[in-house]
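Engineer: Using numbering that gives the first Met the number 0, read the sequence shown as starting at 0 and increasing by one per residue.
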Amino acid sequence: MPVGFLYTGVPTWAPHAFVDVTDESRNSFTAVTVPETFDGYPVTDLRSGCFDGCAKMTSLTIPRTVETIGSDVFRGCGNLTEVYIYVESASNLTVPESGLFEGASPSLSVFVPRDALNAYASSYSWMSYQSLLSPFDPE
0 MPVGFLYTGV PTWAPHAFVD VTDESRNSFT AVTVPETFDG YPVTDLRSGC FDGCAKMTSL
60 TIPRTVETIG SDVFRGCGNL TEVYIYVESA SNLTVPESGL FEGASPSLSV FVPRDALNAY
120 ASSYSWMSYQ SLLSPFDPE
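In structure tokens, the structure reads:
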């Protein structure tokens with residue numbers, strides 16, 4: 000595993016990797032950077048509920064390889080105040096149309112690449128999260 004508390008796996012049916020968190024480590028970290036690859040496969044999925052109950056997590060960085068963020072990913076993450084998304088096109092990232100950030104801190108900011116801010120803000124699946132979006136300059 001690239002990060003001790005993350006359970007990252009490669010399903011036998013698809014050439015990609017996913018992220019989940021082990022139950023015993025849900026309250027053991029504050030900042031998470033999802034890896035771009037695992038065992039040579041791109042990490043493309045944040046599974047539904049993968050960070051559910053990670054009450055101490057304050058920030059999350061999502062790499063450009065992620066294509067899907069499942070439902071209830073941030074339920075029980077009341078201290079989550081920053082999410083950095085490196086995916087450069089809103090159309091390349093599938094998210095639930097509502098409730099994605101339910102359970103996160105009321106002061107949550109979701110940072111997306113400056114060049115993609117308008118695309119995220121006008122994307123149908125991101126419309127209900129528009130007020131959370133802020134630009135940043137990826138490295």
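No residue lacks a Cβ here, since even glycine has one placed at the ideal position from N, Cα and C.
Can you tell me the Cβ-Cβ gap for residue 185 and residue 82, rounded? I've got them flagged as a contact below 8 Å.
Structural biologist: Within the shown structure, residues of the chain are numbered from 0 to 138, placing residue 185 beyond reach of any answer.
Engineer: Do you know whose CA, among 69, 57, 98, 76, lies nearest residue 92's CA?
Structural biologist: To locate residue 92, count along the sequence shown from 1; it is residue 93. When each option's Cα is compared against that of residue 92, the closest is 69.
Engineer: For residue 159, write down the residues that DSSP places opposite it in a beta bridge.
Structural biologist: Nothing about residue 159 can be read from this structure; the chain reaches only from 0 to 138.
Engineer: Under the three-state reduction of DSSP, which class applies to residue 58: helix, strand or coil?
Structural biologist: Counting from 1 along the sequence shown, the entry for residue 58 is found at position 59. In the structure shown, residue 58 sits in a strand (DSSP, three-state: E or B).
Engineer: Rounded to a whole number of angstroms, what is the C-alpha to C-alpha distance between residue 125 and residue 31?
Structural biologist: Counting from 1 along the sequence shown, the entry for residue 125 is found at position 126. Counting from 1 along the sequence shown, the entry for residue 31 is found at position 32. Distance between the alpha carbons of residue 125 and residue 31 is about 22 Å.
Engineer: Tell me whether the beta-carbon of residue 96 lies closer than 8 Å to the beta-carbon of residue 47.
Structural biologist: One-based indexing of the sequence shown puts residue 96 at position 97. One-based indexing of the sequence shown puts residue 47 at position 48. No, they are not a contact pair.
Engineer: I believe residue 57 touches residue 79 by the beta-carbon criterion, under 8 Å. Please report the beta-carbon distance rounded to the nearest angstrom.
Structural biologist: In the sequence shown, the residue the question calls residue 57 occupies position 58. In the sequence shown, the residue the question calls residue 79 occupies position 80. Yes, they are in contact, since the Cβ atoms of residue 57 and residue 79 sit about 6 Å apart, within 8 Å.
Engineer: Over the uninterrupted alpha helix (DSSP H) stretch that includes residue 30, give me the two end residues.
Structural biologist: Residue 30 sits at position 31 when you count from the first residue of the sequence shown. Where residue 30 is concerned, there is no enclosing alpha helix (DSSP H), although the beta strand (DSSP E) it sits in stretches over 30–32.
Engineer: Which residue wins for smallest C-alpha separation from residue 117, given the options 134, 108, 38?
Structural biologist: In the sequence shown, the residue the question calls residue 117 occupies position 118. Answer by Cα proximity: 134.
Engineer: Whose C-alpha, out of 75, 65, 37, 34, is nearest the C-alpha of residue 52?
Structural biologist: For the purposes of this step, residue 52 is taken as the residue at position 53 of the sequence shown. Considering only alpha carbons, the answer is 75.
Engineer: Within 10 Å of its beta-carbon, does residue 29 have 16 or more other beta-carbons around it, so buried, or fewer, so exposed?
Structural biologist: Within the sequence shown, residue 29 is the residue found at index 30, counting from 1. Its Cβ having fewer than 16 others within 10 Å, residue 29 is exposed.
Engineer: Within 10 angstroms of the Cβ of residue 119, are there 16 or more other Cβ atoms? Answer buried if so, exposed if not.
Structural biologist: Taking the first residue of the sequence shown as 1, we reach residue 119 at position 120. By the 10 Å Cβ count, residue 119 comes out buried.
Engineer: Starting from residue 37, follow its DSSP beta bridges and name the residues at the other end.
Structural biologist: Reading the sequence shown from its first residue, position 38 is the one you call residue 37. BP columns for residue 37 point to 40.
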